[in-house]
Amino acid sequence: MGRLRRACSSRLLLPGAVVFGVALGGVLAFGVGGANGLNQSQRSYGDSAIRYYYPPKSYIPAGQALFETFCSSCHGSDGAGTSRAPNLVGVGPATIDFWITTGRMPAENPYAIQAPRKPAKLSNQEALEVAAYVNSLDPSRPAIPKVNLKDANVAVGADLFSLNCAACHTITGAGDELAFGTYAPSLRAATPTQVAEAIRTGPGNMPRFSGNLTNAQVADIDAYVTEYIQHPTNPGGFALGGVGPVGEGFVALLFGVGILALVGYWIGERT
Ligand code: HEC
Ligand code: HEC
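If you read the sequence shown in our numbering, its first letter stands for residue 1, the second for the next number, and so on.
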């Protein structure tokens, strides 16, 4: 863990640079999108695209028993962490649900640089139970997202993805290596809930996107990942029509390159 922690703090620069590029890109993308006739005010960027819920308190006893069996050996019976694993008190239910349902937890090797996605050992129901228990130690956000993709716009999602996510995951979502043996994983296996959880909680070296993406924007990105990337031949279709492909592409290019330049500069500094 000592090695992991040291590597983590020296890696803060990379997410920092990316977040900066992303924020800048987001602001300009809105300007260009508006000028292109993508009328943001016609789209509901309110809260209805995602509903956040807490698992019921009645799940706590079952969750506590599961935690004792599967988690306490590394995270401690009180969840406060040990030399083998970090503190979980106050991380919020979405974080617990993400790490369990993606199979990252329980970890097999606590000394790995990054816990890999693998087949989940606990069921979705058990993940909610553990989340209820950990949340009872210190009730926190984010709660678990339930994403409504019905009104999501895949084309807008593609733009937002290229600005906010592609620098690490690549535009096809295939994933890529990052510094120090870490990697941004492929996005082919993530469910809509897991995509929203990753965006809202920022697992590992991924930045957390909270105020800078609305729920509707998260749903748009989610639709791009789970409908387009995961099913590229989906006859539902993927068209950038109507949002001004030239302007949008220009923004994506400009800021994609900007982000890559920052990342490149940073990697150059380190080696
Ligand atoms: C074998 C040891 C081990 C076991 C067992 C284990 N963990 Fe972990 N856990 C770790 C390590 C090590 C990390 C840090 C991994 C990383 O950053 O990639 C971690 C990270 C996490 C995180 C991310 C914390 C954060 O703030 O980013 C969560 C959530 C988590 N574990 C939950 C659980 C739950 C719930 C269980 C039981 C179902 C569990 N873990 C079982 C070792 C373990
Ligand atoms: C700075 C690089 C970076 C950026 C930018 C980034 N991610 Fe990630 N992402 C990661 C890393 C690293 C992980 C793995 C974290 C871990 O397991 O410790 C990850 C994990 C994920 C996962 C989990 C995949 C799985 O199957 O387990 C999803 C989903 C995801 N990211 C989606 C996104 C989306 C959507 C965006 C844009 C809004 C984004 N990411 C932006 C680095 C990044």
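Every residue, glycine too, gets a C-beta built ideally from N, C-alpha and C.
The model shown is predicted, which means the values in this text are computed figures rather than measured ones.
**Item:** Start and end residues, alpha helix (DSSP H) containing Pro-93
**Value:** On the sequence shown, residue 93 is found 93 positions in, with the first residue counted as 1. 93-101 is the extent of the alpha helix (DSSP H) around Pro-93.
**Asked** Between Ala-261 and Lys-57, what straight-line distance do the alpha-carbon atoms span, to the nearest angstrom?
**Response** Your numbering for residue 261 matches position 261 in the sequence shown. Your numbering for residue 57 matches position 57 in the sequence shown. Distance between the alpha carbons of Ala-261 and Lys-57 is about 48 Å.
**Cα-Cα separation between Pro-203 and Ala-190, rounded to whole angstroms** = Position 203 of the sequence shown, counted from the start, is the residue given in the question as residue 203. Position 190 of the sequence shown, counted from the start, is the residue given in the question as residue 190. Near 13 Å, if we compare the C-alpha coordinates of Ala-190 and Pro-203.
**Asked** Is the number of C-beta pairs between the stretch 117-136 and the stretch 62-69 that are closer than 8 Å three or more?
**Response** The stretch 117-136 makes contact with the stretch 62-69, as at least three CB pairs between them are under 8 Å.
**Request:** Kindly indicate which residue of Ala-152, Val-154 and Pro-185 has the alpha-carbon position closest to the one of Gly-167.
**Result:** Sequence index remark: in the sequence shown, residue 167 carries index 167 (1-based). The sequence shown places Ala at residue 167, not Gly. With distances taken between Cα atoms, Ala-167 lies closest to Pro-185.
**Asked** How about Ala-143 and Ala-94: are their beta carbons less than 8 Å apart?
**Response** Numbered from its first residue, the sequence shown carries residue 143 at position 143. Numbered from its first residue, the sequence shown carries residue 94 at position 94. Yes.
**Request:** Please report how far the alpha carbon of Tyr-265 lies from the alpha carbon of Glu-68, in whole angstroms.
**Result:** Within the sequence shown, residue 265 is the residue found at index 265, counting from 1. Within the sequence shown, residue 68 is the residue found at index 68, counting from 1. Taken atom to atom, the span from the alpha-carbon of Tyr-265 to that of Glu-68 is near 45 Å.
**Request:** Take the Cβ of Glu-108 as the centre, count every other Cβ of all protein chains shown within 10 Å, and call the residue buried at 16 or more, exposed below.
**Result:** Your numbering for residue 108 matches position 108 in the sequence shown. Exposed.
**Item:** Delimiting residues of the beta strand (DSSP E) encompassing Ile-144
**Value:** For this step, residue 144 is matched to residue 144 along the sequence shown. 144-147 is the extent of the beta strand (DSSP E) around Ile-144.
**Request:** Indicate whether Pro-106 and Leu-149 have their beta-carbon atoms separated by less than 8 Å.
**Result:** Locating residue 106 in the sequence shown gives position 106, counting from the first residue. Locating residue 149 in the sequence shown gives position 149, counting from the first residue. Leu-149 sits away from Pro-106, with the two beta carbons spaced by 8 Å or more.
**Asked** Who are the near neighbours of Ser-77 in its chain, counting only those whose CB is closer than 6 Å to its CB and skipping five residues on each side?
**Response** Locating residue 77 in the sequence shown gives position 77, counting from the first residue. Shown here for Ser-77: not one same chain residue has a beta carbon closer than 6 Å to its own, the five before and five after excluded.
**Message:** Measuring only from the beta carbon, is Phe-67 closer than 7 Å to any heavy atom that is part of ligand 1?
**Reply:** Position 67 of the sequence shown, counted from the start, is the residue given in the question as residue 67. In terms of side-chain proximity, the C-beta atom of Phe-67 is found nearer than 7 Å to a non-hydrogen atom of ligand 1.
**Prompt:** What residues match up with Tyr-228 in a beta bridge as DSSP calls it?
**Reply:** Taking the sequence shown and counting its residues from 1, one reaches residue 228 at position 228. Tyr-228 is not bridged to any residue.
**Request:** Please name the residue or residues paired with Arg-51 in a DSSP beta bridge.
**Result:** Taking the sequence shown and counting its residues from 1, one reaches residue 51 at position 51. Beta-bridge partners assigned by DSSP to Arg-51: Lys-146.
**Request:** From the DSSP output, in three-state form, read off Ala-261 for me.
**Result:** In the sequence shown, residue 261 corresponds to position 261, counting from 1. Correct three-state label for Ala-261: helix.
**Asked** When the distance is taken between beta carbons, is Gly-103 closer than 8 Å to Ala-127?
**Response** Translated into the one-based positions of the sequence shown, residue 127 becomes position 127. Translated into the one-based positions of the sequence shown, residue 103 becomes position 103. Taking 8 Å as the Cβ cut-off, Ala-127 and Gly-103 do not qualify as a contacting pair.
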